[in-house]
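Engineer: Pasting a structure below so you can have a look.
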Amino acid sequence: MKHTKSLLFVSIIASASSAQAMPLLNAELNNQSIYANIYIIVGALAAVGGNMQSAGAISTGAGSIAGGNIEAGTFASVGASGAVKGNIKSETYTSAGAGAGLSGDIKTGTYASFGNSAVVAGSVESGTDTRIDLTATVVSVTQDRTSEPGYRAPEVISQTENITSAQQTLKDLGKGTQLAVGFGTNDELLGAGIYSVADYLTVAASTTITLDGNGVDSSWVFNIPNYMTFGALANIRLLNVTDESSIIWNILGDKTVGAGEGYTTLGAGAEFRGLVLSKSYISAGDSAVMLGVGDYCGGAFSATNYVTLGANATLGVDGCKNGAATAFNNLVRVSEPLTPLLLSLSLVLLAIARRKKARIH
3 MKHTKSLLFV SIIASASSAQ AMPLLNAELN NQSIYANIYI IVGALAAVGG
53 NMQSAGAIST GAGSIAGGNI EAGTFASVGA SGAVKGNIKS ETYTSAGAGA
103 GLSGDIKTGT YASFGNSAVV AGSVESGTDT RIDLTATVVS VTQDRTSEPG
153 YRAPEVISQT ENITSAQQTL KDLGKGTQLA VGFGTNDELL GAGIYSVADY
203 LTVAASTTIT LDGNGVDSSW VFNIPNYMTF GALANIRLLN VTDESSIIWN
253 ILGDKTVGAG EGYTTLGAGA EFRGLVLSKS YISAGDSAVM LGVGDYCGGA
303 FSATNYVTLG ANATLGVDGC KNGAATAFNN LVRVSEPLTP LLLSLSLVLL
353 AIARRKKARI H
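Using our numbering, the letters of the sequence shown correspond one by one to residues 3 to 363.
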């Protein structure tokens, strides 16, 4: 009986240890590169690697490239000569301008519209009708779906609650090292860890922030209670950072004294690394670059507002992986401070139980 109780205790400890490693983001949100609760605008000639999702509208500019799926809670609009390499899903309508190239399937709640010389390689399914220019090419069309019994338009569920929960989880990690007032005025070097500021974070134009991982899997978490701005040509440089490391910027907007805006802005030509969780909007200027770590796309997630990328801006690279928070989850599991202690205690208890059993026999 004592042996059974010991094993039960070991089992409880192991379960408690594994329960502490909860995913930061749900699977659907972690599968995106951009999420916005109101709308997403991708500027002309801009490029997005990975998937985009909004509870509202998504619009991509002329000559832009969307490297993954587009999921819009209202409409999805692709500019002239724009390209979409994944599927498109919209609750109301989908439109593509002249010369647009769409590689995947399209499902839309009302109508779909394609301008002259647009090419759709996949199938098109529309709730009402599909409007195709005489010079456009569409392989397969199914329309008037609303007349079918049980038809339901595509749906996009708001991810505000999940982002808010993730932001609280990161905040609960603590303030860590509080960066001095004036941090970001000059070039800076930071090792892995948890960082915070008293109010907002401003990185001056043309300033370089170097993150040094010392060649091991590492994690950086920045808890910002107000808002974050990076000036034009400001740069985040990675030094000795492994592919499975993670960088997360948590823009809370919950400052209790004064305004807690919760927004993120990147100036023209800024070069940024990591995943941004922002209570309010995220805006990247012309030619700004947002990249992840290793093969990951990185990400820009707005809990309550919009995400915009300026002309010629870039988020992720072609063929990059969604799941910017996955590396963070893995690192938390590895570095969970209680896990080694609990494991050691479990092994000790198991050894004691075995010795007692041996003496009995």
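All C-beta atoms in this analysis are idealised placements derived from N, C-alpha and C, irrespective of residue type, glycine included.
Only a predicted model underlies this, so the values are computations on that prediction, with no experimental measurement involved.
(1) Just the C-alpha distance for VAL291 and TYR113, rounded to the nearest angstrom, thanks.
(2) Would you mind giving the Cβ-Cβ distance between THR306 and ASN39, rounded to the nearest angstrom? I have them listed as a contact below 8 Å.
(3) Per DSSP, which residues does MET292 bridge with? Please list them.
(4) State yes or no: is the beta carbon of LEU172 nearer than 9 Å to at least one beta carbon in chain D?
(5) Does DSSP put LEU172 in a helix, a strand or coil?
(6) Return helix, strand or coil for ARG1, following the three-state DSSP convention.
(7) In chain order, what residues of the same chain have a beta carbon less than 7 Å from the beta carbon of GLU263, not counting five sequence neighbours either side?
(8) Going straight from the alpha carbon of GLN169 to that of ASN252, what length do you get?
(9) Below 8 Å on the Cβ atoms is my contact criterion, and I expect ALA329 with TYR298 to pass it. Report the Cβ-Cβ distance as a whole number of Å.
(10) Determine the burial state of ARG154: buried for a count of at least 16 other Cβ atoms within 10 Å of its Cβ, exposed for fewer.
(11) With DSSP as the reference, please indicate the residues paired to VAL334 in a beta bridge.
(12) Does GLU73 come out as helix, strand or coil in the three-state DSSP assignment?
(13) Based on Cα-Cα distance, which residue from ASN324, ASN53, THR137 lies nearest to SER248?
(14) How about GLY81 and ASN53: do their beta carbons lie closer than 9 Å?
(15) Taking 6 Å as the limit between beta carbons, can you name the residues of its chain near SER128, skipping five residues before and five after?
(16) Taking the runs of the beta strand (DSSP E) that are 3 residues or longer, which of them lie wholly in the region 77–128?
(17) I need the DSSP call for THR130, collapsed to helix, strand or coil.
(18) For SER97, which residues of its own chain have a beta-carbon under 6 Å away from its beta-carbon, when the five flanking residues on both sides are left out?
(19) Label LEU191 either buried or exposed according to how many other C-beta atoms from any shown protein chain fall within 10 Å of its C-beta, with 16 as the threshold for buried.
(20) Please name the residue in GLY294, GLY301, GLY269 whose C-alpha comes closest to that of ASP443.
(21) Any idea if SER198 is buried or exposed, counting beta-carbon neighbours within 10 angstroms, 16 or more meaning buried?
(22) Would you give the residue range spanned by the beta strand (DSSP E) that MET190 belongs to?
(23) From PRO342 to LEU333, what distance separates their C-alpha atoms?
(24) Where does ILE159 land, buried or exposed, given buried means 16+ other C-beta within 10 angstroms?
(25) Pull up the CB-CB distance for GLY300 and LEU311, whole angstroms please, since I reckon it's below 8 Å.
(26) What are the start and end residues of the beta strand (DSSP E) that includes LEU136?
(27) DSSP on SER167, reduced to helix/strand/coil?
Structural biologist: In short, the structure shows the following:
(1) Near 34 Å, if we compare the C-alpha coordinates of TYR113 and VAL291.
(2) 5 Å
(3) Per DSSP, the beta-bridge partners of MET292 are PHE274, LEU317.
(4) Among the protein chains of the structure shown there is no chain D, as only one such chain exists.
(5) helix
(6) Outside the shown range of the chain (3 to 363) lies residue 1, about which nothing can therefore be said.
(7) ASN228, TYR229, GLY255, SER282
(8) 6 Å
(9) 7 Å
(10) exposed
(11) Looking at the DSSP assignment, VAL334 forms no beta bridge with any residue, so it has no partner.
(12) strand
(13) When each option's Cα is compared against that of SER248, the closest is ASN324.
(14) no
(15) Closer than 6 Å at Cβ, skipping near neighbours: THR110, TYR113, ALA114, GLN145.
(16) 78–80, 90–92, 96–98, 108–110, 114–116, 121–128
(17) coil
(18) SER79, SER115
(19) exposed
(20) Summary: the structure shown does not reach residue 443, with the chain confined to residues 3 through 363, and so no result is reported for it.
(21) buried
(22) The displayed chain sequence assigns Glu, not Met, to residue 190. Run containing GLU190: 190–193, per the beta strand (DSSP E) assignment.
(23) Reliability fails at PRO342, whose pLDDT of 44 lies under 50, so the model's placement of it is uncertain and no value is given.
(24) exposed
(25) Not confirmed; about 12 Å, so no contact.
(26) Note, LEU136: premise wrong, no beta strand (DSSP E); not H, not E.
(27) helix
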